[in-house]
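These notes are about the structure you will find just below.
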Amino acid sequence: IGRTVIYGLLLIFAVLYLMPLFVMLTTSFKTMDEIQNGNMLALPQSPTFDPWIKAWGETCVGLTCAGIKGYFWNSIKMVVPAVA
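Counting the sequence shown from 1 gives a position; my numbering is that position plus 97.
The following block contains the structure:
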C-alpha cells in the first residue's frame with residue numbers, strides 16, 4: 098500500500114506540473130476565436146501553424162519586427178560551443 102500511495106501522489110504531481118506546458122502548447126495551435134471562446138484544456142479544432150510562423154518571422158521584439166529567428170540562432174551559436 099505504501100508504494101501505491103507514493104506512485105499515485107507522484108502521478109498527481111506530474112500531471113499538475115505538466116498541465117501548464119500542455120495548455121501552452123495546445124493554445125499555440127489554436128485560432129484567436131478558439132482561444133477567446135473555447136475551453137482552455139480543449140484540443141484545437143482546426144490546428145494552425147500561423148502563430149508559430151508569425152512569431153518566427155514577423156513579431157516585434159524591441160524596436161525591430163524581424164521575429165525571433167535571430168535570437169534563436171544566437172542562442173544556438175552560444176549553446177553548441179558550450180556543450181561541445
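From the three backbone atoms N, C-alpha and C, an ideal C-beta is built for every residue, glycine too.
Among Asn171, Ser172, Lys151, nearest to Gly164 - alpha-carbon criterion | Lys151
For the alpha helix (DSSP H) that Ile109 lies in, which residues bound it at each end?
-> Where Ile109 is concerned, the enclosing alpha helix (DSSP H) stretches over 99-125.
What do you reckon, is the C-beta of Pro144 under 7 angstroms from a heavy atom of the ligand COA?
-> This structure lacks the ligand COA; in fact it carries no ligand of any kind.
With a cut-off of 8 angstroms, do at least 3 Cβ pairs link the stretch 139-147 to the stretch 159-175?
-> No, the stretch 139-147 does not touch the stretch 159-175.
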